[in-house]
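According to the working numbering, the sequence shown is numbered sequentially starting from 53.
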Amino acid sequence: MNRISNIRSVHAYKKLVTFCDFKLLSYISYHDKVGRYPFSTLQNNKTITESRVSTKETVVKLKVEPFEELLKVLEAREHNLQDKSQSKDKASEYDSQIPIILNYQDNETTASEKYFSKPSEKKIDFVSTNGIFSVKSSLKNKKSADVKAKGEEGQKTKASKTKKTKQKLSSRQEYVSQLTRHSNDLRDLKSYLQVMIEADEVEKAQIYLRKQMLLFKKKYQLQNLSDVDLYNLLISGWARKGRIDKVKLIFSLIKEDNLSPNLQSYAGYLEAFSNSKFMHVSEIQKVVDEMKTMGFVPGDILANCVFKGDQREKIFKVLGFLGVDISPFLPEIGEAYFCKLLQHLNDKSFGGSESFPSACYEEKDIDFLASSQLEIENNCSIKIRSIAAITKPNHLTIKSRKYLEECEGVWQKKLMAAVKTFKSREKSCHKQGFHKEESIYPYIATVDNDILVNLLLQQIKVLALTSESFGTYEKFFYKELGRKVMNHYFVWLNKKNQVTDKELLIYKEYLHYFLDPELLSKYSPREYWEYLKSQNPDGPTIDIANVPWPNGALVKIGSELFDILRGTITFDQNRIQRKASKKISMTPAFYITYKFDADMKNPKCIETHNSLCKLYRDANLDLEFDPTSVPMVSPPRPWVKHDSGGLLITPIPFIRFNENAVHQTTFYSTVPSKQLNPCFDSLNSLSNVAFKISEDVLDLIIGNDLIRSVLLFAEGQPLGKNGLNWLKIHLVNLTGHKKRDPHRIRLQYADDNIDKILDSADHPLEGERWWTTSDKPWQTLACCKELANALRHPNPEEYVSHFPIHQDGSCNGLQHYAALGRDELGAIEVNLQPSDAPQDVYSAVAALVEKERLEDAADGVEVAQKLDGFVKRKVVKQTVMTFVYGVTKYGAKQQILKQLKDIPEFDAKYCQGASSYLMEKIFFSIKEMFTATQEIQDWLTDCAEQITKVSGDPLKWVTPLGLPVIQPYHKKKTLKSSKYSLQGKESCLNYTSHYEPYQLPDCRKQKNGFAPNFIHSLDASHMMLTSLFCQRQGITFASVHDCYWTHASTVEIMNKICRQQFVSLHEESILEDLSAFFLDEYARVVDEQMQRKNLEQKTKLRDLINRVPKKGKFNLEGVLESEYFFS
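Printed below as a string of structure tokens:
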């Protein structure tokens, strides 16, 4: 994670929460302390209708204009509601206005109703289920016979499909399915036991574990149903209390479940002696003797176990009573790379540089930087001053801030009362066993009330600042809010276990690494972190990931907390109006809306009252961000394992999987860290590049390429001999001019326009504004300013530049395809072959398309005639670029359609036909130009399709750097999170998952995704290789996909390394190795599970995998001399 110094924030609140944007609203419900005011936004017809409220009856009527869409929705959902609402329906005639009557459920009550009084029963005329409203029976029964027939037919179809799916599952797949489900359940169980033990409920956790083990025996037909780590949690809990008797009982339960204690089990046993009031040496000796019979020695505990707090010291003390001699454990530091491509780097003297990138801080800053970053993560939030808040506040801003301060004071008191009541109620129900299944109380028990209240106050602000731009999915919001509570819990747990203190101690020592050239030359960041850990063995174990909470728990926690918000937060709408009224009008801040989509589903969205949004907007407050969404203020903690790296104490994933991707997550936990070391080291190298903000450009921005235009390297480097020329070339590249001209022509162009460049730098808004004619105007302006500063320096070679110079690949995906197939013609078009001037593949494709168009136009094809003069590079570029990444014909058509619509001169009525025509011509031209590319792409696609169909497994492979990749494309499955029940709320929140590994793979997505994903993995491997070798050379390297950044003075070094590593990568037998992997991974499994009658299918799969596309005659060595390979 990069860090940015000298941050000046901009108005970025719209990006605070990346939720989906919904503006197709069909129902909005407001409510306040005296009633609920429903609004209908159907056909933009908004009317307030009568509201009647009593303690026994709540009936609200909406007058809605009849229209066909509503009828379709209601009729389509009728069969789901008929059984529930039949007894409640009353006959009435359907007229020009449809009365819709809602049932307000318990989760929509006010704060006083929900938290401080017993809810009264509500007499209702009609029933509502998840917002799909029942209406008069005359309307519902209008087509009841048809609906019923369709429902029966649908049930038959569904049953048929289910049966068909089950028939497809082989015995092996059934086993994998059970194994994965069981693994998921064990993970959830481990999480629940952990929070129960931390809530001091060890006895209840023990009873619950035994209950779950009995359920598992009924549910799963597996040999090993339990995991000794679950029992180790109980052992640790009892050990804290010094309950040796309870620890003995757990050991007996372990044996009953046909498990064996491991080192962690015995570590807990020994800790129990330390915490016991009486310590019997003979009992300790028995435990040690039992360890030895299991093949363990006491020293193994201190070397291999995970410790919390002072457990290590307690165990050491206990073993000391026996006089056990424990030698210190010295872990291996600096393991060699096993990857062939990195063998040179195993020699520390290879490419060694005497200079290294500057740390951009001094030794005196270390304590401040480390403490500042830790404070940000402890708070789970960072505040950044908004530019709007810097200016002198006007009367409206002062008024808004004053009222907000008043509101937040009232809200805080109400929220505290509601949170206390909620936790008290849940605690009571949890202790008395009222919950049918897991209670969420243990999850929230240890989270301080003040933290929950502050978190809710933060969410009010976030929702108010984002609701106008982003309609937030209710379930996504619940899960995100639950995740924030979980992170606060982990912060508390790390402090309790003394992990935070030790982490900070080692981290401060680690920051000295970047100030010492000797350490930089001796260790990589990962190696030095491991070294520091070995030098600080005392205290708790760090680099150990916490067990995440289950999705169901996160959703339920978030749901309950939002109910508190919704029932508690109100404001006086009249105080916000321009002409304030003395009349008080308390209005709820939040409401739920429904979005009807093409699939006839109705996901709920959370919206904020627009008056409250206006209040926050007018107040111009500081911006708040999640620590995971912003750069760090100090170097990141190096990645040493798949679940350890990045932020100091906040968990972030090494690979961003969907949280439901249990199989993928579990798989990476089994991959040896040594295999992933190249990826760790590359990521560490990239994340250690420090950036700062260009304040000169920031003061002027309003553009859409602003992100790159304000970024500067925090460290500066003198331009040196050729740095000034690279600044000029980079400037011309940004303008989009001279794309097909050599560097000397671009340099001449820059010199010819030097007056305009200087004018742009000095008078960006008042002068000739030459920079605005650029393809990337704001980046061009930033470069103009940097070039002006360098030219005005007494000696430009000595000018210290912080400006990043970009070098882009020439349609990078096609470069990899051309290299894989040794395609001579393709290699020329994408600059793998040396040439005097850069080749432009987009212009080349456009020329072929134009040739085809001319022929068709001569034959009288009307659309070809209408496209005369419009087949340009810009029109075809995006489609050519995305062709190798699997763009569909429909997607390509939409890309071209957008480009044609942006051309005012093109007749709009021909856009649709012209886009389809050009799409076909572009695809044809690419295939003609890159024949080897098409063969390889077809082979990859065919392999993916056959493997997933025949084996029933998702596709996976290993990159040349050793990173395993699994495509997480599975068939959809609706899952329920009802496992975490709440008092009075038995309904469940469902969510659809594409990532459940025990579902059959989605063959279509597996097939379509493999070729582009495989090329992306080669692209990433090339980037990682370049970063590692640049690090060894001591030069700054950053990357955004296939755009490589470095200082102007080191462009030539970076380009040389880039070319060398591309050649090294493609000298490997990539496709042949992939074929061998497929044969071993899939063909062997297929052979084992298929019967003799499927011999033909087995043979077909083997033949396909063995049919590796043949290579052409292109010589890869030519890349080493290609000046425009990356340029």
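We put the beta carbon where it would ideally sit given N, CA and C, even for glycine.
Excluding five sequence positions before and after P770, the CB atoms of its chain that fall closer than 7 Å to its own CB belong to E849, E850, Y851, V852 and S1101, given in chain order. Per the coordinates, the alpha-carbon of G938 lies some 18 Å from the alpha-carbon of K1008.
The region 724 to 738 and the region 561 to 568 do not touch, with fewer than 3 CB-CB distances between them shorter than 8 Å.
Counting C-beta pairs with one atom in each stretch, the region 453 to 464 and the region 476 to 496 have fewer than three that are closer than 8 Å, which means they do not touch.
The beta carbon of H795 sits closer than 7 Å to the beta carbons of I781 from its chain, once the five residues preceding and following it are set aside; these are given in chain order.
Looking from the CA of K1108, the closest CA among L1156, F1066, K1057 and G1170 belongs to G1170. Taking 8 Å as the cut-off, the beta carbon of S887 is found no closer than this to the beta carbon of A834. Residue environment: V333 is assigned as exposed (fewer than 16 neighbouring CB atoms within 10 Å of its CB, all protein chains considered). Under the three-state reduction of DSSP output, C432 falls in the coil class, being neither helix nor strand.
DSSP, read as helix, strand or coil, puts L699 in coil. When C-alpha distances from K263 are compared across L305, E226 and N284, the shortest belongs to L305.
The continuous beta strand (DSSP E) containing M638 extends over residues M638 to P640. Beta-bridge pairing by DSSP links L764 to K744. Three or more beta-carbon pairs separated by less than 8 Å link the region 1104 to 1122 to the region 1055 to 1075, which places the two stretches in contact.
Between I857 and H540, the C-beta spacing is not below 8 Å.
In the three-state scheme derived from DSSP, where H, G and I count as helix and E and B as strand, C657 is classed as strand. One Cα belongs to W581, the other to G768, and the distance between them is close to 26 Å. Runs of alpha helix (DSSP H) with 4 or more residues, each lying fully within the region 282 to 351, are found at 296 to 308, 315 to 327 and 333 to 345, listed in chain order.
Contact between V893 and L866 holds: their C-beta atoms lie close to 6 Å from each other, under 8 Å. Annotation: D733 to S576 spans about 7 Å, alpha carbon to alpha carbon. In the three-state reduction of the DSSP assignment, W830 falls in the helix class. In the DSSP assignment, K527 falls outside any beta strand (DSSP E) and lies within the alpha helix (DSSP H) extending over E526 to K548.
By the C-beta density criterion, G347 is exposed, having fewer than 16 other C-beta atoms within 10 angstroms. For the pair of segments examined, the region 658 to 668 was found not to touch the region 430 to 441: the number of CB pairs separated by less than 8 Å stays below three. Take A422, set aside five residues on each side of it, and the residues of its chain with a beta-carbon closer than 7 Å to its own are L556, Y559, K560, L563 and S686, in chain order. For V1103, the closest C-alpha among the options L970, D860 and K926 is that of D860. Only buried fits S862, as 16 or more other CB atoms lie within 10 angstroms of its CB. The beta carbon of A996 sits closer than 6 Å to the beta carbons of L1007, Q1058, K1059 and F1062 from its chain, once the five residues preceding and following it are set aside; these are given in chain order. Contact between the region 523 to 532 and the region 408 to 419 is not established, with fewer than three Cβ pairs separated by less than 8 Å. About 19 Å separates the beta carbons of Q363 and E335, which is beyond the 8 Å limit, so they are not a contact pair. Across the structure, G873 and K924 are spaced so that their CA atoms are roughly 29 Å apart.
The region 784 to 800 makes contact with the region 822 to 830; the number of CB pairs closer than 8 Å reaches 3 or more. P1161 is a Cβ neighbour of E987, given a cutoff of 8 Å.
Note: M971 is not bridge-paired with any residue in the DSSP secondary-structure output. Cβ-Cβ separation between V599 and K242: approximately 5 Å, consistent with a contact (criterion under 8 Å). Per DSSP, the continuous beta strand (DSSP E) segment holding H858 begins and ends at I857 to D860.
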